[in-house]
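Participant: Just dropping this structure here.
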Amino acid sequence: MNLQNQYDIKDPSLAEAGKRRIEWASREMPVMRLIRERFAAEKPFKNICISACLHITSETATLALALKAGDANVVLCASNPLSTQDDTAAALVE
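Heads up: the sequence shown begins at 10 in the numbering used here, then just goes up one per residue.
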């Protein structure tokens, strides 16, 4: 079963706002940025699929992007539609 590029988001046109929100979170989370850089260099998750059911926010997006930088195949599921930042979700699927 190929799960690549399957998503259900509210409004794809919100992606630009989501990217700005994720960039802001990345600037405010220096330790996560360092982890992402390390993962990008070491690729510790090569050939590993990591799935998570989380609140989809700019902060959890930085975690997902760090895992992806480490060569993981990342699958996210929103744990609560009321806490999901729709712009962040749209940015993540781009």
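Just so you know, even glycine gets a beta-carbon here, dropped at the ideal spot from N, CA and C.
On a predicted model such as this, the values are computed, not experimentally measured, just so you know.
1. For Thr31, which of Pro21, Arg47, Ala73 has the nearest alpha-carbon?
2. Say whether the segment 21-29 touches the segment 51-60, bearing in mind that this needs 3 or more beta-carbon pairs closer than 8 angstroms, one atom from each stretch.
3. Assuming Phe48 and Ala87 form a contact by the criterion Cβ under 8 angstroms, report the distance between their Cβ atoms to the nearest whole angstrom.
4. Threshold first: 3 residues or longer. Then list the beta strand (DSSP E) segments lying entirely within the segment 44-83, N to C.
5. Along the alpha helix (DSSP H) that carries Asp95, what are the first and last residues, could you check?
Facilitator: Looking at the atomic coordinates:
1. As a position in the sequence shown, residue 31 is number 22, starting the count at 1. Note that residue 31 is Ile in the sequence shown, not Thr. Selected option, being the one with the closest Cα: Ala73.
2. no
3. The sequence position of residue 48 within the sequence shown is 39, counting from 1. The sequence position of residue 87 within the sequence shown is 78, counting from 1. With 8 angstroms as the limit, Phe48 and Ala87 do not qualify as a contact, their Cβ atoms being about 23 angstroms apart.
4. 58-63
5. Against the sequence shown, residue 95 aligns to sequence position 86. Asp95 -> alpha helix (DSSP H) spans 95-101.
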